[in-house]
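Okay, so here's the structure we're looking at.
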Amino acid sequence: MSRFLTFMAVSAAGLFSIVSSVRVPANRILPLPPMGFNNWARFKTDINESIFVDAAEVMTTTGLLAAGYNRINLDDAWSTMSRAADNSMVWDANKFPRGLPWLASHIKSKGFIPGIYSDSGSLSCGGYPGALGYEDIDLRVFTAWGFEFLKMDGCNLPDASEKTYHEVYDRWHSLLSQSRSKMVFSNSAPAYFSGVKNLTSWYMVMGWSQKYGHLARHSADIQTYPEGNSWNSMMYNYGQHVRLSRYQKPGFFNDPDFLNVDHPSYSLTERKTHFALWCVFSAPLLLSTDLKALKDKEIEYLTNSRLIAVNQDKLVQQATLVSRDQNHDVLTKSVENGDRVVAVLNKGDAPTMVMISWERLGFNPVSLQRFDYVVVENLWTGKRQKVAVAAGGVRTESIPSHGTAVYRLSQKASAVTPTGLIFNSNSLKCLTDNWSGVVSWLDCNDSDSQVWMARKDGRITSLLHPDGCLMHGDLNLAYTDNSPGQNCGKWTYHVSGNLVNAKSGFCLTEREDGVAVVAPCGYLLNEQVLSLPIGVAVAGA
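If you're matching positions, the sequence shown starts at 6 in this note's numbering and goes up one per residue.
Okay, structure coming up:
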C-alpha cells in the first residue's frame, strides 16, 4: 500500500502536468552522447536498490562523475509481474523498498540523472509488463516519478514486421512530441532488424528512429557477464556500427551498446580498445559493470579526459573508415576546433605499426608545406610531438594485438576534405579505382585505389586519380576520368545511403558481378546503400 501512496503524492505535483506543447528540439535535450551506468550487461534481472545507490557513491568517489558519467539508468526487472488496478506500473517493493520516486530523487541529489526501462510490447524481454496499450499512462508515471531517460526495448510486439514496430514507436514519438517532458528516448527497435541478409527493413527502422528519439540501439546486445567471448561480441557490434554514420547528428546517436568493462573474457588491451572506439564514434558511454570492483587501471582509462573530450565534442561526428584490410582499420573524424582525430585498430594477432599519409587524413600536402610540422598528440598518454610535413604522414607507435592507437592532429595550413572508404553497407565491399579508370567493388585492401575524397562541389576523386573524378559513363558504368573538364560527375549523398549522380539522377550501385554501375535508384536496395566518409553533407538527415 505504501508504494501507491507515494505514487499519489508525486502525481499531485507532476503526473498530470504533461500537456500539449511544442516538443523541445532533440539537439537541446541530448546535444552530446550520454555517459553513465546501466545494470543490464552485468546484473541482468538480478537487481535491487543498493546497486544504484552504490553506483552513485562509487561514481562520485572514483572520479567517474567528475569525468562526465552523470546518468544512472535502471534496466529490465524493476517492476512487479503485473500492473496495479489503475493499470499503472508498480515497482517491486522487495527490490526497491523505498520506491522508485525515492530512488530517482536520491540519484538526483547525488548529481546524477535517473533513467528507467520499459518495453514497447506486451511483455518486457525479461517477462515483466510491457507498455503496449499503456503508453500514455507509463510516460506520465515515469515522468512523475522523476525519471528523465527512457530506454524502450522491442520484445513481444504483436508481430515482427517493420510496419508494426513503426506504428508502436510512432505512438511514443507522438506522446513525447506533445509533452513538455525533456525525456531522453532510447529506441531499441533497430536491433530487431539487424544481422540479416536483406537489410532494407533495418535501414527503414534506422531512418524513422533518427526522427523518433535521441539514440538507437542498432544491433545485438553486448555480451553479458560472465558468459561468452566479449571481444567477438564487441567486434560484431563495431562491424554493424561502422555502416551507420550517416544517421548520427547532434541530438541523435547510434548506440552500439554498453561498455561491459569487467567481463572476464577481456584482456585490459581489449577493454581499452572498446572504450577508445566508442569514444571516436561519439557513441553513448554507458558502463555496465560491477562498479565497486573496478580496478585502478580500468578507472584510469575510463576517465581519460582526452578521449572523453573527443567523445563529447560538439560536432559529435562518428569516425568513419579511411582504410581497411584483414589486420587493420583506420578511422578519422574532425572535432569542433578543426583538429583531426585518427584511430588505428589492430585486429591482428601480432603488434604492428601503421603509416597514415597526410592525404588519407584529409589534408592537402601542398597547403601543409606552408608550415614545417603538424602537432600530433597521443590521446592515451598525452604525449605531443611535432611531425615534419616532409615525413609524409603519421606513423603510429607499436600497437599491440587487439589494441587501438588514437591521435589528435593540429594544424592550421590545410582545410580538411572528407576522405576515406566508400563501401556497400551490406556486402562491405569497397569501391575500387584502377589505372584504367574502371571502377569495381572489391574486398577492402588498404590501397589508395579505395580511398576517396568528397569535394565540396560534389566531385568524388580517388587517391589513385586525384586529378580526376567519378563519372557516370557509357553503358551506365562508373569510371574515373583524369580529364574531367565540364563532364565531371557531381554526386549527392542521402540519408538513405544512396549516392546520386546529379546529371542522370541514378544511384551508384554494386552489380552482382562486382562491377560498379550507375542505375535507377530503388528503395533502400542492398546494392545501393553505401557508407561514405564523415564530413560529407548528408541530404535529408
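Ideal Cβ positions, reconstructed from N, Cα and C, are used throughout, including at glycine.
Would residue 76 and residue 267 qualify as a contact pair, given that the criterion is a beta-carbon distance under 8 Å?
no
Euclidean distance between Cα positions of residue 26 and residue 95
Low confidence applies here, because residue 26 scores a pLDDT of 41, under 50, leaving its location unreliable and the question unanswered by this model.
Anticipated Cβ contact below 8 Å, residue 437 with residue 454, distance rounded:
5 Å
What alpha helix (DSSP H) runs, 4 residues minimum, are completely inside the stretch 61 to 98?
Correct list: 69 to 72.
Helix, strand or coil for residue 26? Go by DSSP, reduced to three states.
Low local confidence applies: a pLDDT of 41 at residue 26 is under 50, so the model's placement there is unreliable, with the coordinate-based value given in what follows. Coil, per DSSP.
Mind listing, in chain order, the continuous alpha helix (DSSP H) runs of no fewer than 4 residues lying wholly within the stretch 155 to 194?
167 to 182
Would you mind stating whether residue 330 and residue 449 have Cβ atoms separated by less than 8 Å?
yes
Tell me which residues share the same chain as residue 3 and place their Cβ nearer than 6 Å to its Cβ, disregarding the 5 neighbours each side in the sequence.
Given a span of 6 to 546 for the chain in the structure shown, any question on residue 3 remains unanswerable.
Under the three-state reduction of DSSP, which class applies to residue 396: helix, strand or coil?
helix
Alpha carbon to alpha carbon, what distance is there between residue 457 and residue 446?
13 Å
Sorted by chain position, which residues of the same chain lie with C-beta nearer than 7 Å to residue 278's C-beta, five sequence neighbours on each side aside?
350, 407, 408 and 409
Residue 102, DSSP secondary structure in three states
coil
Along the chain, where does the beta strand (DSSP E) containing residue 146 start, and where does it finish?
Taken as a continuous stretch (DSSP letters only), residue 146 belongs to no beta strand (DSSP E), being part of the alpha helix (DSSP H) at 140 to 150.
When DSSP labels each residue in this structure, what does residue 458 get in the three-state scheme?
Collapsing the DSSP output to three states places residue 458 in a strand.
Could you round the C-beta distance between residue 346 and residue 324 to whole angstroms and report it? I think they count as a contact, below 8 Å.
7 Å
Assuming the contact rule is C-beta atoms closer than 8 Å, residue 61 and residue 313 should be a hit. Round their C-beta distance to whole Å, please.
That pair is no contact at about 19 Å.
Give the DSSP-derived three-state secondary structure of residue 415 in the structure shown.
strand
Kindly identify the DSSP beta-bridge partner or partners of residue 327.
The partner list for residue 327 (beta bridge, DSSP) is empty, contrary to what the question assumes.
Quick check on DSSP: helix, strand or coil for residue 440?
Assigned with DSSP and collapsed to three states, residue 440 falls in coil, not helix or strand.
With DSSP as the reference, please indicate the residues paired to residue 429 in a beta bridge.
Looking at the DSSP assignment, residue 429 forms a beta bridge with 535.
With residue 115 and residue 153 assumed to form a contact (beta carbons below 8 Å), what rounded beta-carbon distance in angstroms separates them?
Residue 115 to residue 153, Cβ: 14 Å. No contact.
Whole-angstrom distance between residue 217 and residue 178, CA atom to CA atom
5 Å
Helix or strand or just coil, what does DSSP make of residue 240?
helix
Would you list the one or two residues that DSSP bridges to residue 260?
Looking at the DSSP assignment, residue 260 forms a beta bridge with 222.
Closest by CA to residue 545, which one among 100, 144, 215 and 119?
215
Where residue 47 falls: helix, strand or coil (DSSP):
helix
Can you check the stretch 302 to 378 for any alpha helix (DSSP H) of at least 4 residues that lies completely inside it and give the ranges in chain order?
310 to 316 and 370 to 373
Straight-line Cα distance separating residue 165 from residue 128:
14 Å
Helix, strand or coil: which one does DSSP assign to residue 542?
coil
Could you tell me whether the stretch 303 to 310 touches the stretch 326 to 341, where touching means 3 or more Cβ pairs closer than 8 Å?
Judged by Cβ distances under 8 Å, the stretch 303 to 310 makes no contact with the stretch 326 to 341, as fewer than three pairs qualify.
What are the boundary residues of the alpha helix (DSSP H) that residue 3 is part of?
A question about residue 3 goes unanswered here, because the residues of the chain that appear run from 6 up to 546.
Are at least three pairs of beta-carbons, each pair with one atom in the stretch 414 to 423 and one in the stretch 365 to 380, less than 8 Å apart?
yes
Out of 151, 530 and 192, state which residue places its alpha-carbon closest to the alpha-carbon of residue 106.
151
C-alpha distance - residue 225 paired with residue 194, whole-angstrom precision:
11 Å
Compare the beta carbon distance of residue 509 and residue 470 with 8 Å and say whether it is the shorter of the two.
no
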